[in-house]
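Okay, so the sequence shown: first residue is 39 according to the numbering used here, each after it adds one. Please read the structure below before turning to the comments.
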Amino acid sequence: MFDTHCHLDLSDFDLDRDEIILRAKNTGFQYFMIPGIELSSMTKIIDICEQNDEIYFASGIHPNNAADLVSNWAEGVIENTKHTKCKAIGEIGMDYYREYCPHEKQREVFGMQLEIAADLGLPVIIHCRNAYDDLWPILSSWLKNGHGRTGVFHAFDETYTEAIAAVELGMKIGIGGPYTYKKKNERRIEILKAVPPDSILLETDCPYLSPIPHRGERNEPSYAALTLAKISEVKGISFEESDKQTTENGLDFFRIF
Ligand SMILES: [Zn+2]
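Below you can see the structure in the form of structure tokens.
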């Protein structure tokens, strides 16, 4: 299994990080991806990746951290991609839910990071919350510009229609804990049915978005096995098969060989 989106660097894990990584490995997780959210935490992320062969990272500025950036932030993002374990630009995008940063600034920081990804030939990890209508025109034109890499819609939470449009342009769909919720979840189940198996990436977004029966608790990579069980149930394929497929999808997407 591959947890393609886990914030293992956050202080929520400071007391038991090694234990959590071990528990995930014992559950069958072989690969992990830590997305970057700001320049100041990159040293910690890189340390974790250097201590653990199976953990990789992405370099990027989260839209909620885009308001007060140092003037040479873009160079910082580029500098971190030189590390051998950096496999993507992310997580980047737009967030009109938290409203931590003016929309115009979010668009500018997002656009610049898409350009960096295209220049460096890296895929992107997309964060989109209440901002799809503004984000999709920018992202879809980036996808069409022929640089050969795509992105993953992390914690995808639009509808079936947007999922299909994204997959048609080569995007991957990040499936996490909310897809296991039991109540009022028809929209997500419809998305899961519609997305082809080779377009799904498994993720936790830990410490957030725990799957059932851990909803409301701190999330951790080993819980993604519960989400994977939901994926196999909806897709009508065995757990082993969906494990193999989503792991291959992640390795292929991030070009980990
Ligand atoms: Zn995240």
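Built from N, CA and C at the ideal position, the CB exists for glycine as well.
Exercise. Is any heavy atom of ligand 1 found at a distance shorter than 7 Å from the C-beta of E129?
Worked result: Result yes, Cβ under 7 Å from ligand 1.
Exercise. What do you reckon, is the C-beta of P73 under 7 Å from a heavy atom of ligand 1?
Worked result: Yes, the Cβ of P73 comes within 7 Å of a heavy atom of ligand 1.
Problem set entry | Spatial distance of G186 from I116 (CA atoms) | A straight-line Cα-Cα distance of about 19 Å links G186 and I116.
Exercise. For A62, is the classification buried or exposed, using 16 other Cβ atoms within 10 angstroms of its Cβ as the cut-off for buried?
Worked result: In this structure A62 is buried. Its beta-carbon is surrounded by 16 or more other beta-carbon atoms within 10 angstroms.
Exercise. How many angstroms separate the CA atom of A169 from the CA atom of L77?
Worked result: Answer to the nearest angstrom: the Cα atoms are 23 Å apart.
For this session: Report yes if the C-beta distance between H43 and H252 is below 8 Å; otherwise report no.
Result: Judged by their CB atoms, H43 and H252 are not nearer to each other than the 8 Å cut-off.
Exercise. Taking the DSSP output, what are the residues bridged to K273?
Worked result: When DSSP reads this structure, K273 sits in no beta bridge, so it has no partner.
For this session: Mind checking who F95 pairs with in its DSSP beta bridge?
Result: BP columns for F95 point to I72 and C124.
For this session: Pair every Cβ in the region 136-152 with every Cβ in the region 116-125, then say whether three or more of these pairs are closer than 8 Å.
Result: No, the region 136-152 is not in contact with the region 116-125.
Exercise. For ligand 1, any of its heavy atoms closer than 7 Å to the Cβ of D243?
Worked result: Yes.
For this session: Can you tell me the Cβ-Cβ gap for N90 and Y138, rounded? I've got them flagged as a contact below 8 Å.
Result: Contact flag wrong, Cβ pair sits at about 30 Å.
Exercise. Alpha carbon to alpha carbon, how far is P234 from E206?
Worked result: Those two C-alpha atoms are separated by around 10 Å.
Exercise. Hey, quick one: how far does the alpha helix (DSSP H) through C87 stretch, first residue to last?
Worked result: Start and end: M80 to Q89.
Exercise. Which value, in whole angstroms, describes the spacing of the CA atoms of T197 and R256?
Worked result: Straight-line Cα distance between these residues: approximately 26 Å.
Exercise. Between H185 and ligand 1, is the CB less than 7 Å from at least one heavy atom?
Worked result: H185 Cβ: outside cutoff for every heavy atom of ligand 1.
Problem set entry | For H165, the three-state DSSP class (helix, strand or coil) | In the structure shown, H165 adopts extended strand secondary structure according to DSSP, grouped into three states.
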